[in-house]
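In this note's numbering, the protein residues as written are 188 to 355.
Just so it is clear, CB atoms sit at the ideal spot from N, CA and C, and this is done for glycine as well.
Being a predicted model, the structure only gives us computed values, none of them experimental.
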Amino acid sequence: MDQGMLPQFFLLIYFLIITIYILGLIGDGFQQSVIMSMFKGGILLRPSALGRNEDFMQWIFPAWSTPILESVASMGLLFFLLLIGLELDLSSIRRRGNRAFGIVAASMSLPFLLGVGLTFLTRKVVNGDNHHKYGQLLMFMGVSLSITAFLVLARILAELRLLTMDVG
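As structure tokens, then:
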């Protein structure tokens, strides 16, 4: 990234934060979690809504910004998981071992099975010539949904300050 791209990158980050903040203010009136604002911002700014306008997409998300945004997002996710790990109370997990294991197993396996099942049901709708990689697609969809469910749950528990309690 050259020096001319850095101010544009910071403007892009500022735009994303302001969009999510405004959606968060709107969501506060409906008692919604901040993560819902993040989802709405992603839907609003990508090809589902405003992203259909190609001029808007080129202005807000130039082609060079996507790999950089993905790298910054991955680092942010790592720091978030680090903070979750630092706030985690291992003694409460030890006290509630079987119960905690059951909750984790359910929260990871249900989205995994739903992802695999949905992919299996929609296999005839999605056209593709790589039928020999269908098993990999099933695993990818299952794992991606189960991991996403974990991160969303961790974010909601952190927001409600329940990570240090027995409930969290």
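Taking the CA atoms as reference points, L301 sits about 32 Å from L212. In this structure, the beta-carbon distance from G229 to L210 does not fall below 7 Å. The continuous alpha helix (DSSP H) containing G229 extends over residues V221 to L232. A distance below 7 Å separates the beta carbons of I207 and M225.
Contact check for I255 and F196: beta-carbon distance about 6 Å, within the 8 Å limit, so the pair qualifies. Judged by DSSP secondary structure, P194 falls within the alpha helix (DSSP H) whose first and last residues are M192 to D215. The way I'd put it, the stretch 288-302 does touch the stretch 328-337; three or more beta-carbon pairs between them come closer than 8 Å. Around the beta-carbon of M328, 16 or more other beta-carbon atoms lie within 10 Å, marking it buried. In this structure I222 is buried. Its beta-carbon is surrounded by 16 or more other beta-carbon atoms within 10 angstroms. Within the model, the alpha-carbon separation for L324 versus M244 is close to 28 Å. Cβ neighbours of R342 within its own chain (closer than 6 Å, five residues either side excluded): I222. Judged by DSSP in its simplified three-state form, D189 adopts coil rather than helix or strand.
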